Amino acid sequence: MSIGPKIKAHRLELHLTIPQLAEATGLSRGFISQVENDKVSLSLESLQKMANALKVPIRNLVADEPFPPHLVTKNARPKIKFGDEPALEILSAPFGRQLQIVMAELPPGYQAGNCAHTHEGEEWIMVLTGKVKVIQGDFSAILEEGDSIHWDGSHPHLCQNAADTLSKVIVALTPPAMLPLSKTE
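This is the structure:
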């Protein structure tokens, strides 16, 4: 499928009219109509404006095939390690996608980093076992098994094991923010 019909499909999925997309991109209505009908080609700059307005990566508009499914079995999870930090098990597809999911085992008394940290995008944490204290600004809470939190990663935050035993969490990040410094076996 060429780019034009993909743009139109994404626009319709978002229930946007051509005038609304034109306003969001700064491109003319006529130009957008011609693009959707494959009458004209897009510059990279115009393509980026369209992708931003449609809230999709450019590759979704230009790739012919969707990414294939990526299976991660429990016995073959890649692991990454940051210095003395606990190893993280990667549950999502390889780096470079729009979402990263990791599982971490936090030893008693563990705190993620020496101080509150930030990163681009959003973060979601769910406690599988144990108790975890989360802090962002004036907000703090103790999460127990099954509890989760979703926050803006650009605001300073930290996570601590609040249990006397090992706590296990799943963390989802968009865009991916945990790049490996060294791989474990």
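Numbering of the sequence shown is given in this note's numbering, commencing with residue 1 and proceeding in unit increments.
For glycine and all other residues, C-beta sits at the position ideal for the given N, C-alpha and C.
Every value quoted in this text rests on a predicted model; they were computed, and no experiment measured them.
- Close CB contacts of Asp38 within its chain, under the 7 Å cut and outside five residues either way in sequence, are with Ser2, Gly4 (chain order).
- Only residues of its own chain outside the window of five on either side were considered, and among them Ala53 have a CB closer than 7 Å to the CB of Ala24, listed in chain order.
- Residue state for Asn37 is assigned as coil, using DSSP reduced to three classes.
- Between the alpha carbons of Asp64 and Ala51 lies a distance of about 16 Å.
- Under the DSSP assignment, Asn75 falls outside any beta strand (DSSP E); it carries neither an H nor an E label.
- In the three-state DSSP reduction, Leu21 falls in the helix class (H, G or I).
- The Cβ-Cβ distance between Val169 and Ala104 falls below 7 Å.
- Excluding residues up to 5 positions away in sequence, Val72, Arg77, Pro78, Lys79, Ile80, Gln100, Ile101, Val102 lie with their Cβ nearer than 8 Å to the Cβ of Ile90 in the same chain.
- Under DSSP, Ile170 shares a beta bridge with Met103, Met126.
- Beta-bridge partners of Ser148 (DSSP): Met126.
- The Cβ-Cβ distance between His119 and Gly146 does not fall below 7 Å.
- For His10, the three-state secondary structure derived from DSSP is helix.
- Burial check for Ile142: the Cβ neighbour count within 10 Å stays below 16, so the residue is exposed.
- Contact check for Ile135 against Leu166 fails: the beta carbons are separated by 7 Å or more.
- Restricting attention to Val40, Leu27, Lys6, the CA atom closest to the CA of Lys49 is found in Leu27.
- CA-to-CA, the gap between Leu61 and His10 works out to about 9 Å.
- In the same chain as Gln111, and ignoring 5 residues on each side of it, the C-beta atoms closer than 8 Å to its own belong to Leu158, Cys159, Gln160, Asn161, in chain order.
- Take the alpha-carbon of Gly137 and the one of Gln20: they are about 37 Å apart.
- DSSP places Gln48 inside the alpha helix (DSSP H), whose first and last residues are 44 to 54.
- In the structure shown, Phe139 adopts extended strand secondary structure according to DSSP, grouped into three states.
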